[in-house]
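K.L.:
Right, I'll just put the structure down here and ask away after.
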Ligand code: B12
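Numbering (our numbering), first residue to last: 6 to 508.
Written out as structure tokens, the structure is:
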């Protein structure tokens, strides 16, 4: 649906001829929006089209100008300090406002004190907190504790890619073991957030909804206490017998140290993962298989072509890469990094956790040990599509261009991934590796979960000076559409999880 193609004004004038502005909103626009949300839940309408409907409803509501009293309730929303992620909260604001709520958006990286103060001042029906990473999600329980300390009786909705229901239940338990009285509600997506908020503002359902959340938090506390019983101690830094081969040929890099360059986006997009873009970022996964193919040819492919053209002409996507070859050796669970193969002074030590059981893998095992006397080589890289995509997404949200906001955000995310793959392939070529040999691991993923390690990597690459890439206090890469990674050349490298890496 193209919002511009709908003659909203004429339809609204007709409706206003027989109804009050509040009635037009309450009896026509909101039910229409709700029916689109319901159709989305049934897999009949994809997310970009829900957002296009939200655009129409917002414009129509602004035209009709209903009184504030016509809103269903109020929610304060924010992302937490150090979190530079836009799209999760942007979707929340869009869907909740289009569905009739008044949304006080405190923006990105809101200090906890500001969120608490807004709750005190505005007395909202709920607070919605969003975070992308484990590190930023840790501020959620902090915020909940401060709300409790100020005696705020407002339920808190939390959501984001790195958290889950168990995290939500744990966040609902205060340090002294009391549940947070008004309830903490983990929401898988914004639609679950909408359903939760609907229940919380409904006097007939509110008490039961809060009691359920409190009950789950208390049950979680009980199970956490039981599982805290001492278990077998695990010895770190011991690899299992076997492990990766230690005699693979060490490739020779063309130079030592970091280099930076700007890639041509058209080359980068050859590595674009269209399937992930269309299905995941643009919401095509909800369409039935036969409809999906039609959606791809009729909507997504033309949209992609037009967006790529716009990105090239308007420069809201860039392709900055900094990548370096460093000499290295494994020392237990650490990788000692040197400037080149002749250097004896350590530049840094990267620490990697070892799997506590099973194969007991650790990324350091894929490199020659110090004792071998032979230096190995490691590739470190960081890429970013630059700051403009985030700024553009913000502008699109503010101007109510919600469907485009989702398309741009998805393309920026997919381009950052493609850029990482593109740079990785250049390293494979430089090192004369087989196609597909070796793997790329980003910090925060299950084999190397510790985001703090990136504080050692970015300075080695001079990432700030060369491509403007920094780390926030919570280890978010800024600009948001960026990744940092270590590349292993070892042919046996495989993805694995170190238990306990999750939120
Ligand atoms: C796309 C993606 C990227 C993209 C884009 C990221 C971005 N800024 O948008 C790129 C490639 C750049 C990227 C980079 C990184 N990523 Co990433 N990424 C993802 C992925 C696949 C999707 C995230 C996303 O954009 N989703 C789409 C939006 C719409 O979803 P969302 O924000 O989560 O919001 C939805 C819900 O969560 C919910 N919601 C969100 N907030 C709220 C709040 C409320 C109140 C409610 C009701 C609902 C709600 O509603 C929304 C949908 O309706 C996730 C995994 C996953 N499947 O979720 C990993 C993931 C977030 N990434 C991860 C990691 C580790 C990284 C990096 C740190 C890797 C690295 N070292 O380079 C970087 C960090 C980037 C940064 N700026 O710091 C990890 C984070 C785990 C952790 N340890 O913290 C994840 C979870 C993958 C994983 N399984 O481990 N990533």
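C-beta: ideal position from N, C-alpha, C; glycine also.
Quick one: what does DSSP say residue 86 is sitting in, helix, strand or coil?
P.N.:
Looking at residue 86 - three-state DSSP - the assignment turns out to be coil, as it is neither helix nor strand.
K.L.:
Note down, one range per segment and in chain order, each alpha helix (DSSP H) of at least 4 residues found wholly within the stretch 140–186.
P.N.:
Within the stretch 140–186, the complete alpha helix (DSSP H) runs of at least 4 residues are 144–154, 170–176.
K.L.:
Measuring straight from C-alpha to C-alpha, what distance separates residue 383 and residue 350?
P.N.:
So the two alpha carbons sit approximately 16 Å from each other.
K.L.:
Out of 385, 414, 470, 150, point me to the one whose CA is closest to residue 53's CA.
P.N.:
Considering only alpha carbons, the answer is 414.
K.L.:
In terms of DSSP beta bridges, what is residue 453 paired with?
P.N.:
Paired residue(s): 450.
K.L.:
Quick one, are the C-beta atoms of residue 35 and residue 195 less than 8 Å apart?
P.N.:
Cβ distance not < 8 Å, so residue 35 and residue 195 don't count as in contact.
K.L.:
Take the Cβ of residue 12 as the centre, count every other Cβ of all protein chains shown within 10 Å, and call the residue buried at 16 or more, exposed below.
P.N.:
Looking at its Cβ environment, which holds fewer than 16 other Cβ atoms inside 10 Å, residue 12 is exposed.
K.L.:
CB-CB under 7 Å to residue 255, same chain, minus the five flanking residues each way: which ones, in chain order?
P.N.:
Cβ within range, chain order: 373, 379, 381, 382.
K.L.:
Write down the C-beta distance between residue 454 and residue 503 rounded to the nearest angstrom, noting that I regard them as a contact closer than 8 Å.
P.N.:
The pair is a contact, with the Cβ atoms about 6 Å apart (cut-off 8 Å).
K.L.:
Does the beta carbon of residue 68 fall short of 7 Å from some heavy atom of the ligand B12?
P.N.:
No; taking the cut-off as 7 Å, the Cβ of residue 68 has no heavy atom of the ligand B12 nearer than that.
K.L.:
Tell whether a beta-carbon distance below 8 Å holds between residue 155 and residue 117.
P.N.:
Contact flag unset, no.
K.L.:
What are the start and end residues of each continuous alpha helix (DSSP H) run of 4 or more residues lying completely inside the stretch 262–297, in chain order?
P.N.:
Those alpha helix (DSSP H) runs which fall completely within the stretch 262–297 and span 4+ residues are 270–273.
K.L.:
Determine the contact status of residue 87 and residue 477, defining contact as a CB-CB distance below 8 Å.
P.N.:
For residue 87 and residue 477, yes; Cβs fall inside 8 Å.
K.L.:
With DSSP as the reference, label residue 388 as helix, strand or coil.
P.N.:
Note: residue 388 maps to strand in three-state DSSP.
K.L.:
Return the bridge partner residues of residue 109 from the DSSP annotation.
P.N.:
81.
K.L.:
How would you write the range of the alpha helix (DSSP H) that residue 407 sits in, first residue to last?
P.N.:
Element bounds for residue 407: 407–435.
K.L.:
So residue 125 and residue 157 are in contact, right, with Cβ under 8 Å, and what is the actual spacing, rounded?
P.N.:
Contact holds; Cβ gap of about 6 Å.
K.L.:
Please say whether residue 111 and residue 89 have beta carbons closer to each other than 8 Å?
P.N.:
Contact: no.
K.L.:
When DSSP builds the beta bridges, which residues end up paired with residue 351?
P.N.:
In the DSSP output, where bridge partners are listed per residue, residue 351 has 343.
K.L.:
Please report the distance separating the alpha-carbon of residue 218 from that of residue 345.
P.N.:
Between residue 218 and residue 345, the C-alpha separation is close to 56 Å.
K.L.:
With a threshold of 7 Å (Cβ to nearest heavy atom), would residue 356 be considered close to the ligand B12?
P.N.:
False, no ligand heavy atom lies under 7 Å from that Cβ.
K.L.:
In whole angstroms, what is the alpha-carbon distance linking residue 19 and residue 69?
P.N.:
Whole-angstrom Cα-Cα distance: 12 Å.
K.L.:
Give the C-beta separation of residue 495 and residue 371 to the nearest angstrom, bearing in mind that I take them to be a contact with Cβ-Cβ under 8 Å.
P.N.:
Yes, residue 495 and residue 371 are in contact; Cβ-Cβ is about 4 Å, under 8 Å.
K.L.:
For the ligand B12, any of its heavy atoms closer than 7 Å to the Cβ of residue 12?
P.N.:
No, the beta carbon of residue 12 sits no closer than 7 Å to any heavy atom of the ligand B12.
K.L.:
Distance, Cα to Cα, residue 173 vs residue 189?
P.N.:
For residue 173 and residue 189, the distance between alpha carbons rounds to 7 Å.
K.L.:
Considering only their Cβ atoms, is the gap separating residue 452 from residue 387 smaller than 8 Å?
P.N.:
No, the pair does not count as a contact, with Cβ atoms beyond the cut-off.
K.L.:
Return the residue from the list 369, 312, 278 that minimises the CA-CA distance to residue 419.
P.N.:
Out of 369, 312, 278, 278 has the C-alpha closest to the C-alpha of residue 419.
K.L.:
If we call anything under 8 Å between Cβ atoms a contact, is residue 268 one with residue 424?
P.N.:
A contact, by the Cβ cut-off of 8 Å.
K.L.:
Which residue marks the beginning of the beta strand (DSSP E) containing residue 509, and which one marks its end?
P.N.:
The displayed coordinates of the chain run from 6 to 508. Any statement about residue 509 would go beyond what the structure contains.
K.L.:
Compute the beta-carbon to beta-carbon distance between residue 342 and residue 331, rounded to the nearest angstrom, for a pair I have assumed lies under 8 Å.
P.N.:
The Cβ separation is near 5 Å, so the contact holds.
K.L.:
Here's the rule: buried if 16 or more other CB atoms are within 10 angstroms of the residue's CB, otherwise exposed. What is residue 238?
P.N.:
Because the pLDDT of residue 238 is 38, which lies under 50, any placement of that residue in the model is unreliable, and the number read from its coordinates should be weighed accordingly. Counting Cβ neighbours within 10 Å, residue 238 comes out exposed, since fewer than 16 surround it.
K.L.:
For a test of the three-state rule: what should DSSP assign to residue 330, helix, strand or coil?
P.N.:
In this structure, residue 330 counts as strand in the three-state DSSP scheme.
K.L.:
For the beta strand (DSSP E) containing residue 489, name the first residue and the last one.
P.N.:
Counting along the chain, the beta strand (DSSP E) containing residue 489 begins and ends at 487–493.
K.L.:
In the DSSP assignment, the beta strand (DSSP E) including residue 191 goes from what residue to what residue?
P.N.:
189–191 is the extent of the beta strand (DSSP E) around residue 191.
K.L.:
Determine the direct distance from the alpha carbon of residue 128 to that of residue 206, and round the result to whole angstroms.
P.N.:
Computed Cα separation, rounded: 13 Å.
K.L.:
Can you check whether the CB of residue 163 is closer than 8 Å to the CB of residue 1?
P.N.:
A query on residue 1 cannot be resolved here, the shown segment of the chain reaching from 6 to 508 and no further.
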